[in-house]
Amino acid sequence: MERVRDVSELPKAHLHLHFTGSMRPTTLLELADKHGVRLPETLTEALGRGESPKLRATDERGWFRFQRLYDAARSCLQTP
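Going by our numbering, the first residue of the sequence shown is number 1, and it counts up by one from there.
Here it is, written out as structure tokens:
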């Protein structure tokens, strides 16, 4: 008879993870400095405190705020 295993105990893997959105805050700040990218103030303030920017799902413009921050991070990864 086959033993049934609890799914919560099985090893997990990220199946879809974007490098841009998963880099360490210190890496983002270093890359922005290296490439002369000016990050949005809300992002630099949060990262300076060692936090992530506060985005709420209930914020009607939350997606647009997220996209703006994501685009800023992406610009640090692009080279001319």
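Where is the CB? At the ideal position from N, CA and C, for every residue including glycine.
Check: Which residues bound the alpha helix (DSSP H) around S22?; Outcome: F19 to S22
Check: What whole-angstrom Cβ distance do R68 and P40 have, given they're in contact under 8 angstroms?; Outcome: 7 angstroms
Check: Pair every Cβ in the segment 1-20 with every Cβ in the segment 32-52, then say whether three or more of these pairs are closer than 8 angstroms.; Outcome: no
Check: Distance, Cα to Cα, L28 vs E45?; Outcome: 13 angstroms
Check: Where does K34 fall in DSSP's three states?; Outcome: helix
Check: Over the uninterrupted alpha helix (DSSP H) stretch that includes A73, give me the two end residues.; Outcome: G62 to S75
Check: Quick check on G48: does DSSP put it in helix, strand or coil?; Outcome: helix
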